[in-house]
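Only one structure is covered here, and it is reproduced in the block below.
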Amino acid sequence: MEKYTDQGKVDTRSGFGAGLTELGRTNPNVIALCADLVGSLKMQDFIDENPDRFIQVGIAEANMMGIAAGLTIGGKIPFTGTFANFSTGRVYDQIRQSIAYSGKNVKICASHAGVTLGEDGATHQILEDIGLMKMLPGMTVINPCDFNQTKAATLAIAKHQGPVYLRFGRPKVANFTTYEMPFEIGKGIVLNTGSDVTLVATGHLVWEALLAAEALEAEGVSAEVINIHTIKPLDTELLLTSVRKTGCIVSAEEHNYLGGLGESIAGALASSHPTPQEFVATNDTFGESGTPAQLMEKYGLNKNAIIAAAKKVMARK
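In our numbering, the protein residues as written are 1487 to 1803.
And the structure:
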């Protein structure tokens, strides 16, 4: 299989910060807003270079969404920044009414998503945000896998017309994609071709899927690995092409299996090409306090869980 190298572990939120800083230099319409979490969202470089294009709203997330919606009327491209829980659950009404329903060109940028937020515990570890956002008409939902891809996504959404939810995380994870790897909203990426099982992953689980595929190869199993960074719109064509070859699929995500990537895949397959599927995701539960590694292990969000799911789904063919 094609080998991917961990170029050094770095948090995906820093990829957002790097992308936002570059946008500050290249796109004068980009405005940044934050709800008292500048350090956590890695926004300081943008602020230092563009102090007149930053709004600190304080701990007033609902107000931040309303301000962002208003800024678009004047042709600005607002990027809001706070934790994923506060970017979605706390402000769902404002996003629905002022941004999605109105079709406003707001970029909702959310760090500290999933259980890898870690020690802050269940109240901050949102595992429902993808579902909340993908159900909103017209909302694009993106969940990149590493630093490089998060930076590429940040640059890409500035060019996209319409509301976007961009989800990224806190922990330092493998940075394995390259700057040359194309990033196109709505287009998945085949990282490894295979014939026995399709492994589809998003966010932090993409690297784990690659590790799983490597382990499976050692056992004589040929696994196709697909990075779905855009959950909505879903690259249904790519998924169908793969499962018509492999005959089974595993979806892997740091999110509840209800409402997430796996559910979107299941719906697409049910309507076009019914296929055995196994889900690697949290099982309708809240998180708890612990280190990211401990939590990923406890909730079955790692290489070993993907390997087990692959073996189980292949037996169902």
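Glycine residues also receive a C-beta, built at the ideal position from the N, C-alpha and C atoms.
Spatially closest choice to residue i from the options, by CA coordinates
i	options	result
residue 1569	1510, 1653, 1488 and 1560	1653
residue 1601	1655, 1593 and 1664	1655
residue 1765	1748, 1803, 1594 and 1585	1748
residue 1543	1537, 1506, 1553 and 1536	1553
residue 1679	1626, 1801, 1759 and 1710	1710
residue 1565	1509, 1780 and 1803	1509
residue 1633	1664, 1756, 1740 and 1627	1664
residue 1643	1604, 1591 and 1687	1591
residue 1504	1695, 1489, 1521 and 1525	1525
residue 1512	1535, 1696 and 1499	1535
residue 1762	1586, 1738 and 1733	1733
residue 1756	1729, 1771 and 1585	1729
residue 1691	1551, 1772, 1597 and 1738	1738
residue 1608	1770, 1800 and 1796	1770
residue 1559	1760, 1672 and 1584	1584
residue 1799	1684, 1603 and 1641	1684
residue 1501	1671, 1596 and 1555	1596
Cβ-based neighbour list, residue i, same chain, cut-off 6 Å, excluding 5 preceding and 5 following
i	result
residue 1630	1636, 1639 and 1715
residue 1768	1613, 1742 and 1785
residue 1548	1577 and 1580
residue 1676	1712
residue 1522	1544 and 1545
residue 1650	1593, 1626 and 1643
residue 1697	1789
Cβ-based neighbour list, residue i, same chain, cut-off 7 Å, excluding 5 preceding and 5 following
i	result
residue 1658	1495, 1496 and 1497
residue 1571	1610 and 1612
residue 1700	1487
residue 1708	1680, 1681 and 1682
residue 1562	1515 and 1517
residue 1648	1589, 1591, 1624 and 1626
residue 1557	1517 and 1564
Counterpart residues of residue i in DSSP-defined beta bridges
i	result
residue 1506	According to DSSP, which records beta bridges pairwise, residue 1506 is partnered with nothing at all.
residue 1569	1597
residue 1520	1542 and 1567
residue 1768	1742
residue 1685	1711 and 1736
residue 1763	1735
residue 1653	1596
residue 1716	1628
residue 1678	1711
residue 1497	1658
Sequence-distant residues of its chain with Cβ nearer than 8 Å to residue i (five each side left out)
i	result
residue 1492	1660, 1661, 1662 and 1693
residue 1750	1620, 1717, 1718 and 1720
residue 1605	1775, 1776 and 1777
residue 1582	1622
residue 1529	1503, 1506, 1518, 1520, 1540 and 1567
residue 1618	1574, 1575, 1578 and 1745
residue 1668	1675
Closer than 8 Å to chain C by CB, residue i
i	result
residue 1733	Reference to chain C is not applicable here, since this structure consists of a single protein chain.
Would the stretch 1722-1731 and the stretch 1790-1797 be scored as touching if the rule is three or more Cβ pairs under 8 Å? no
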